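Peer 1: Residue numbers (my numbering), protein chains in the order written: chain S, 1 to 197; chain P, 1 to 227.
Built from N, CA and C at the ideal position, the CB exists for glycine as well.
Computed from a predicted structure; not experimentally measured.
Sharing a structure with you now.
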Amino acid sequence: MADAEVKTVVEGEAPEAADEAPKKPVDPDFEPEIIVFACHYCAYAAADLAGSMRLQYPSNIRMIKLPCTGKLEVIHLLKALEAGADGVYAAGCLEGECHYLKGNLWARRRINHVKDLLTEVGIEPERVEMFNMSSAMGAKFAEVATEFTERIKALGPSPVKREGVDVHAAAREALGGAAMPDDLAPSAATSEEGHAE
Amino acid sequence: MITAERKPLDEILALVGDKKKVLVAGCDTCVAICLTGGEKEAEILASELRIKAEQDGTGAEVEHTAAIRQCEWEYLDMIADKVKDADIVVSMACGIGIQSMAEKFAPRIVVPAVNTNMLGMPQEHAVWLERCGACGECVIGETAGICPVVRCSKSLMNGPCGGSHGGKCEVTTPEKEEIDCAWALIWDRLKEQGREEMMLINRPPKNWSKSSSGGPRKMVREEAKPV
């Protein structure tokens with residue numbers, strides 16, 4: 001059922017940098033670190049479903065669960081990038097379907113603002129994005145993860161990447177109490193396993 | 001309240017130059033309310049500066065802090081330790097706070113990260129409108145509570161002029177948005193109040209020496225001075 005809805009996967013503007021001739025050759029061994037801020041009501045459950053459906057998606061993504069993407073602030077995204085994340089995206093409910101009415105719309109605005117800030121500091125704005133999906137869209141979750149990972153691979157490593165920094169831990173720490181604990185049940189799509197297989 | 005807008009990053013970077021220890025100082029009063037220079041925004045700017053420093057390999061260390069109010073000596077004492085460790089302070093307060101910091105912590109260099117733009121009020125969430133020009137001689141008692149100094153494009157004291165059409169000014173904002181004619185607003189409200197005759201008050205040329213044209217202003221309240 002969910003699959004029938006999956007048509008266009010990656011929303012927003014196509015990454016221009018990926019379309020243009022890359023500045024540096026793409027390193028085939030580059031495995032980006034990607035932080036996903038996932039809403040408890042939709043994307044996190046969609047990831048769970050993707051796992052149950054045995055769908056494959058890259059293990060590059062590391063999830064942080066939020067009660068709503070509306071909880072996400074500009075500084076949370078910046079801190080993840082500052083820690084060296086190669087890409088960051090938020091996955092919230094379909095527009096009009098937010099459990100808290102407008103949280104996902106707030107998140108989109110904030111992410112657009114972060115794109116402007118990144119442009120200011122000279123980092124590709126395509127490294128951040130907002131996606132929307134329902135909890136029934138396991139296939140879309142997997143496709144978004146795959147396409148975003150490909151986008152970041154094409155962009156190459158973050159220019160502020162540092163060795164020895166645990167990006168996921170830093171991003172989670174920046175959120176403080178706003179992040180929810182990962183589900184402990186084995187069926188849950190925790191970032192550790194990623195349900196990539 | 002006082003409102004301000006953040007300067008473009010390039011301008012801030014040029015002001016910071018090659019200083020190695022940078023402190024971004026927010027102010028948690030007016031500029032925090034207008035979402036420009038509070039602690040949250042100071043943290044965002046510090047993060048931006050760190051990302052830029054990492055990219056450029058400048059080795060600059062950037063921290064952030066915030067004073068409850070940068071425009072009062074007592075509150076500056078609370079951030080003094082952080083300021084002392086910095087080579088340069090990037091203040092996100094209004095022009096008053098920035099100058100207070102520069103004076104308090106002289107000769108340490110304090111530079112602005114914002115442009116202070118007006119005395120305004122939030123008309124709706126995230127939209128601010130200018131309401132006062134601090135001209136030093138308030139006339140809104142005669143103008144139905146509407147300030148002709150900042151709300152009339154020409155600051156006319158006896159309006160409207162010939163450029164008022166259908167309640168709108170002939171001038172638009174730089175974004176090409178229409179501006180209400182302040183004198184049309186004044187007339188409408190005076191009518192509503194039944195005080196139309198106040199439109200006939202003839203005001204002589206305004207004494208701008210009580211405004212910023214008269215040099216730096218000073219206010220002293222003798223009865224409130226400590227004994």
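Any beta-carbon of chain P closer than 8 Å to the one on residue 79 of chain S?
Peer 2: At least one chain P Cβ lies under 8 Å of residue 79 of chain S.
Peer 1: What are the boundary residues of the beta strand (DSSP E) that residue 131 of chain S is part of?
Peer 2: Unbroken beta strand (DSSP E) run through residue 131 of chain S: 128-132.
Peer 1: Can you list, in chain order, the residues of its chain with a C-beta nearer than 7 Å to that of residue 230 of chain P? Leave out the 5 residues immediately preceding and following it.
Peer 2: Nothing about residue 230 of chain P can be reported from this structure: the residues present for chain P run from 1 to 227 only.
Peer 1: Where does residue 119 of chain S land, buried or exposed, given buried means 16+ other C-beta within 10 angstroms?
Peer 2: Result: exposed.
Peer 1: What are the complete alpha helix (DSSP H) segments, minimum 4 residues, inside the segment 79-129 of chain P?
Peer 2: DSSP runs (the alpha helix (DSSP H)) wholly in the segment 79-129 of chain P: 80-84, 95-104.
Peer 1: From residue 5 of chain S to residue 151 of chain S, what does the alpha carbon distance come to, in whole angstroms?
Peer 2: Its pLDDT being 45, under 50, residue 5 of chain S is placed unreliably in this model, and the value from its coordinates should be taken loosely. The alpha-carbon atoms of residue 5 of chain S and residue 151 of chain S are separated by roughly 22 Å.
Peer 1: Let me make sure I understand the geometry here. Which of P:122, P:147, P:60, P:123 has the alpha-carbon closest to that of residue 134 of chain P?
Peer 2: It is P:147 whose Cα lies nearest to the Cα of residue 134 of chain P.
Peer 1: Against residue 39 of chain P, what residues of chain S qualify as contacts under a CB-to-CB distance less than 8 Å, listed in chain order?
Peer 2: What residue 39 of chain P touches in chain S: nothing, since even the nearest Cβ is about 10 Å away.
Peer 1: Taking only the alpha-carbon atoms, compute the straight-line gap between residue 206 of chain P and residue 120 of chain P and give it to the nearest angstrom.
Peer 2: Roughly 22 Å separates the two Cα atoms.
Peer 1: Taking Cβ positions only, does residue 17 of chain S come closer than 8 Å to chain P?
Peer 2: Confidence at residue 17 of chain S is low in this model, with a pLDDT of 47, below 50, so the placement of that residue is unreliable and no value is reported for it.
Peer 1: Can you say whether residue 3 of chain S is buried or exposed, counting buried as having 16 or more other CB atoms within 10 angstroms of its CB?
Peer 2: Low per-residue confidence applies at residue 3 of chain S: pLDDT is 45, beneath 50, and the placement is therefore not dependable enough to give any value.
Peer 1: Can you list, in chain order, the residues of its chain with a C-beta nearer than 6 Å to that of residue 18 of chain P? Leave out the 5 residues immediately preceding and following it.
Peer 2: Same-chain partners within the cutoff: there are none.
Peer 1: With a cut-off of 8 Å, does the C-beta of residue 123 of chain S fall near any C-beta of chain P?
Peer 2: Yes, residue 123 of chain S counts as interfacial toward chain P.
Peer 1: In the segment 18-52 of chain P, which residues sit with their C-beta less than 8 Å from some C-beta in chain S, listed in chain order?
Peer 2: So the list reads 40, 43, 44, 47, 48, 50, 51, 52, given in the order they occur along the chain.
Peer 1: To the nearest whole angstrom, what separates the beta carbons of residue 55 of chain P and residue 159 of chain S, a pair I think is in contact under 8 Å?
Peer 2: Right, their Cβ atoms sit about 5 Å apart.
Peer 1: Considering residue 149 of chain P, what are the terminal residues of the alpha helix (DSSP H) in which it resides?
Peer 2: Element bounds for residue 149 of chain P: 148-151.
Peer 1: Hey, how far is the Cα of residue 109 of chain S from the Cα of residue 200 of chain P?
Peer 2: Each residue's alpha carbon lies about 49 Å from the other.
Peer 1: Could you list the residues in the segment 62-94 of chain S with a C-beta less than 8 Å from some C-beta on chain P, going in chain order?
Peer 2: Residues 73, 74, 75, 78, 79, 81, 82.
Peer 1: Going by alpha carbons, who is nearest to residue 5 of chain P out of P:92, P:179, P:62?
Peer 2: Comparing Cα positions, the closest option is P:92.
Peer 1: Does the Cβ of residue 80 of chain P have 16 or more other Cβ atoms within 10 Å, making it buried, or fewer, making it exposed?
Peer 2: Exposed: under 16 other Cβ atoms inside 10 Å.
Peer 1: Which chain P residues sit within Cβ distance under 8 Å of residue 33 of chain S?
Peer 2: What residue 33 of chain S touches in chain P: nothing, since even the nearest Cβ is about 16 Å away.
Peer 1: Ignore the nearest five residues each way along the sequence and tell me which others in residue 76 of chain S's own chain have a CB closer than 6 Å to its CB.
Peer 2: The residues are 174, 175.
Peer 1: For residue 64 of chain P, count neighbouring C-beta atoms within 10 Å of its own C-beta (all shown protein chains included) and say buried if the count is 16 or more, exposed if not.
Peer 2: It is buried - the Cβ of residue 64 of chain P has at least 16 other Cβ atoms within 10 Å.
Peer 1: Using the beta-carbon of each residue, which ones in chain S are nearer than 7 Å to residue 54 of chain P?
Peer 2: Result: 160.
Peer 1: Along chain S, in chain order, which residues have C-beta atoms closer than 7 Å to that of residue 15 of chain P?
Peer 2: By Cβ distance, chain S contributes nothing, its closest Cβ being about 15 Å from residue 15 of chain P, past 7 Å.
Peer 1: Helix, strand or coil for residue 170 of chain P, going by three-state DSSP, please let me know.
Peer 2: In this structure, residue 170 of chain P counts as strand in the three-state DSSP scheme.
Peer 1: In the DSSP output, what is residue 12 of chain P paired with across the bridge?
Peer 2: Its beta-bridge partners do not exist; DSSP assigns none.
Peer 1: Taking the alpha carbon of residue 3 of chain P as the reference point, which residue from P:175, P:116, P:188 has its own alpha carbon closest?
Peer 2: Of the listed residues, the one whose Cα sits closest to residue 3 of chain P is P:116.
Peer 1: Is residue 75 of chain P helix, strand or coil when you go by DSSP?
Peer 2: DSSP places residue 75 of chain P in helix when its eight states are reduced to three.
Peer 1: Starting from the beta carbon of residue 9 of chain P, find every residue of chain S whose beta carbon is closer than 7 Å, and list them in chain order.
Peer 2: Chain S residues near residue 9 of chain P: 120, 121.
Peer 1: How long is the line joining the alpha carbons of residue 10 of chain P and residue 159 of chain P, rounded to whole angstroms?
Peer 2: Approximately 42 Å between the Cα atoms of the pair.
Peer 1: If you draw a straight line from the alpha carbon of residue 1 of chain P to that of residue 155 of chain P, how long is it in whole angstroms?
Peer 2: When rounded, the distance between both Cα atoms is 20 Å.
Peer 1: Using a C-beta to C-beta distance shorter than 7 Å, which residues of chain P count as neighbours of residue 155 of chain S?
Peer 2: Near residue 155 of chain S there are no residues of chain P at all, since even the closest Cβ is about 14 Å away, more than 7 Å.
Peer 1: Short of 6 Å in beta carbon distance, which residues of its chain neighbour residue 143 of chain P, apart from the five on each side in sequence? Order them along the chain.
Peer 2: These residues qualify, in order along the chain: 186.
Peer 1: Would you check if the distance between the CB atom of residue 258 of chain P and the CB atom of residue 21 of chain P is smaller than 8 Å?
Peer 2: Nothing in the structure corresponds to residue 258 of chain P, since chain P is present only between 1 and 227.
Peer 1: Can you find a CB in chain P that lies within less than 8 Å of the CB of residue 171 of chain S?
Peer 2: Answer no: the Cβ-Cβ gap between residue 171 of chain S and chain P never drops below 8 Å.
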